[in-house]
Each structure stands twice: as C-alpha cells, then as structure tokens.
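Peer 1: Residue numbers (the UniProt record's numbering), protein chains in the order written: chain H, 1 to 130; chain P, 1 to 130.
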DNA sequence: AGAAAAGTTTACGTTTACGTAAACTTCATG
DNA sequence: CATGAAGTTTACGTAAACGTAAACTTTTCT
C-alpha cells in the first residue's frame, strides 16, 4: 500500500510556484474551489489542493470561468451510485467535450491563418531585403 | 476581373445570423473592431464587416479579449513596407502561435481527462444496471 | 526580545463585455 | 398618415476575477 507521503505547502509557496498572488489563491477558496486545512489561522495546502490549483489555472487558459471549473471538480467528486445521476454527469461531460472540440477547431483555424500571414510577411521581407 | 458583388447587411440581419444582440455589434464598433459605413444614420455592413464579426466571435470562443482580436486585425492590415515593422509583426505572430499551441495542449489534456471520467461513469453505470 | 517577513480579514476599486432603459428618428405599409 | 418595427445615441448598471490597501496578527530570524 502506498503511504501517500503527505506534503504540504504554504500559500506563499504556491503563489510563487504558480506565479499568482496570494490574493488569488484566497479568492479561489472563497469561491469554494480549494479547501485548505488550517493550523491556527494559517492555511495549509496539500497535494490535492495543489493539483486543483493547477487545474484552475489550466481552466483559465481555456477561458473557463471559476464556476465552470468548480462544476468540473464536482463531476469528479460526484456520487456515482444513482443511475440517473450518472446519466446527468455523462451528459455534462459530453457537452464539455463538445465545447472543447469546437475550441480545438477554432484554434486550428486560427493557427492556419496565422501561419499563412507569417509566410506572407516572410515573403514581403524577402522582397525588401533582396 | 472579379466584380466583388457588393453585398450589404443591416445590423439586425447580422445580429440574427450570429445570434448576438445589436448592442454587441455596436459595442464592437465602439472598440474599433468594425467600421460600417453609414447611409444617413443607419449602419451598413459589408462582407468584410461580416467576416470580421465572425472572427471576433471565434476569438471570443478562444478567450481572446476584444483588444487582442483588434491587434490581430491590425496585423492583417499592417503596413508591410518596413523590414523592422515586419519583424515586429512576425514576432507577434510567433507569440500568438505559441499561446495557441499551449491552449491546444491544454484542451487535449482536458479532453483526455474527460474521456477517462466518461468511461469511469459508464463502468459505474454498467455495474448498477447489471 | 525586537524587527522583518509572511499571513489574515475586510472592504473598496478596476476592467471587460455587454444588458437595460430612456428618449428620439427613420422607414415601410396597410 | 399614423403606427409599428427597426435603428440611433446616451448613459447608467452589472458580473467576474481579481488588485490594492489598510490594519492587525503570527512566525521566523538574528
């Protein structure tokens, strides 16, 4: 059995590591996305909290709102004993996957355009320098 | 030579087609992203405006701010006569491509996770129903 | 111990991307 | 021609995601 060596972090450490402010981290907690334990007043973050922080930031890069990311967290933690519950969850997952596939297409389209523009610029540059 | 059949649209038509409000379209104009001509007071949109609208909305889906999308438009319209100008533009393009590739990775990561979770749910469902 | 560093709460400020409303003009049409 | 639909400007409101600051309490270092 793995012993899950319980690592812990201070708010400052996490802030530095992810290059965000402590204010932001506390804000995520306010929004219910992270639930650090306390040692007196001081917040103590564990591995799970750190992973969540990482997911929050990735979500942000994808344009997810904090509420959306929160819902995704709920999906992971959700009770998987009811069939109707499960169907609901799977519907949500399917929806998210749909959205993400649309985003994938969008990104690929923009990448293609930018590559075209880049080439265009390169050509213009070559003409000038010749 | 192609005659470029000059099509034009009203603000209402575009709003309906893209399923956004007229308020939004006027806002994009405020931000300098679209420049419809006027017939009296009334805004007249042409093909180029329509394309831009499409790009604006795609940008939004990707989490671009209007300002960012505006900068991309500038890249397309930019003066390509100065070599230093061109280099600056190409740097910006490279940067954007970098960001987008990061997003691509993020999306693929989330898609993989969601697919895993989906399977997980499907398994749980099968256990219940059997 | 005394000062600096790190953490805490509370609260107001800021930006982006519109929503909503008021008050008015223009245009089509029955 | 009036009336209803569509368009216009101006302006204030709003939600999300923090930033910034004040004022205080630990913790940590020397």
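Note that CB positions come from ideal geometry on N, CA and C, so glycine has one too.
Every value quoted in this text rests on a predicted model; they were computed, and no experiment measured them.
(1) Taking only runs of the alpha helix (DSSP H) that begin and end inside the UniProt domain "HTH merR-type" (8-75) of chain H, which ones reach a length of at least 4 residues, in chain order?
(2) I'd like to check one pair, residue 52 of chain P with residue 34 of chain P: are the Cβ atoms closer than 8 Å?
(3) Please confirm if the segment 58-68 of chain P is in contact with the segment 69-79 of chain H, defined as three or more CB-CB distances below 8 Å between the two stretches.
(4) For the alpha helix (DSSP H) that residue 129 of chain P lies in, which residues bound it at each end?
(5) Enumerate in chain order the residues of its own chain whose CB-to-CB distance from residue 50 of chain P is below 7 Å, with the five nearest sequence positions on each side excluded.
(6) Using the rule of at least 16 other Cβ atoms within 10 Å of the residue's Cβ for burial, across every protein chain shown, is residue 110 of chain P buried or exposed?
(7) Considering only C-alpha positions, which residue in the set H:97, H:57, H:108, H:126 is nearest to residue 18 of chain H?
(8) Could you work out which residues of chain P lie near residue 76 of chain H, taking near to mean beta carbons separated by less than 8 Å?
(9) By how many angstroms is the C-alpha of residue 42 of chain H removed from the C-alpha of residue 93 of chain P?
(10) At a Cβ threshold of 8 Å, is residue 93 of chain P touching chain H?
(11) Which residues in the same chain have their Cβ closer than 7 Å to the Cβ of residue 44 of chain H, if we skip the five residues on either side of it in sequence?
(12) Kindly indicate if chain H contains any beta-carbon less than 8 Å away from that of residue 63 of chain P.
(13) Just mark residue 103 of chain P as buried or exposed, buried being the case when its beta carbon has 16 or more other beta carbons within 10 Å.
(14) Using a Cβ-Cβ cut-off of 7 Å (strictly less than) and excluding sequence neighbours within five positions of residue 22 of chain H, which residues of its own chain qualify?
(15) Whole-angstrom Cβ separation of residue 118 of chain H and residue 90 of chain P, contact assumed at under 8 Å?
(16) With H, G and I counted as helix, E and B as strand and the rest as coil, what does DSSP make of residue 77 of chain H?
(17) So, does the CB of residue 106 of chain H fall closer than 8 Å to a CB anywhere in chain P?
(18) Select from P:125, P:28, P:106 the residue whose C-alpha is nearest the C-alpha of residue 85 of chain H.
Peer 2: According to the structure data:
(1) 11-18, 22-30, 47-61
(2) Position 34 of the second chain, counted from the first residue, corresponds to residue 34 of chain P. Position 52 of the second chain, counted from the first residue, corresponds to residue 52 of chain P. The answer is yes: Cβ separation under 8 Å.
(3) no
(4) By one-based count along the second chain, residue 129 of chain P stands at place 129. 83-129 is the extent of the alpha helix (DSSP H) around residue 129 of chain P.
(5) The count along the second chain starts at 1 and reaches residue 50 of chain P at position 50. Contacts found: 9, 14.
(6) For this step, residue 110 of chain P is matched to residue 110 along the second chain. Classification for residue 110 of chain P: buried.
(7) Position 18 of the first chain, counted from the first residue, corresponds to residue 18 of chain H. Taking only the C-alpha atoms, the option nearest residue 18 of chain H is H:57.
(8) Walking along the first chain from the start, residue 76 of chain H turns up at place 76. Here the neighbours are 117.
(9) Indexing the second chain from 1 puts residue 93 of chain P at position 93. Indexing the first chain from 1 puts residue 42 of chain H at position 42. Inter-residue distance for residue 93 of chain P and residue 42 of chain H is about 44 Å (C-alpha atoms, whole angstroms).
(10) Counting from 1 along the second chain, the entry for residue 93 of chain P is found at position 93. Interface residue, yes.
(11) Mapped onto the first chain, residue 44 of chain H falls at position 44. Leaving aside the five residues that flank residue 44 of chain H on each side, the residues in its chain whose CB is nearer than 7 Å to its CB run, in chain order, 8, 36, 37, 38.
(12) The residue you call residue 63 of chain P lines up with position 63 of the second chain. It does: the Cβ of residue 63 of chain P has a partner Cβ on chain H nearer than 8 Å.
(13) Locating residue 103 of chain P in the second chain gives position 103, counting from the first residue. Flag for residue 103 of chain P reads buried.
(14) Translated into positions along the first chain, residue 22 of chain H becomes position 22. Taken in chain order, the residues that qualify are 11, 12, 15.
(15) The residue you call residue 118 of chain H lines up with position 118 of the first chain. The residue you call residue 90 of chain P lines up with position 90 of the second chain. About 6 Å; that satisfies the 8 Å criterion.
(16) Taking the first residue of the first chain as position 1, residue 77 of chain H is located at position 77. Of the three classes helix, strand and coil, the one that applies to residue 77 of chain H here is helix, per DSSP.
(17) What you label residue 106 of chain H is simply residue 106 of the first chain in a count that begins at 1. Closer than 8 Å: yes.
(18) Here residue 85 of chain H refers to the residue found at position 85 of the first chain. For residue 85 of chain H, the nearest C-alpha among the options comes from P:125.
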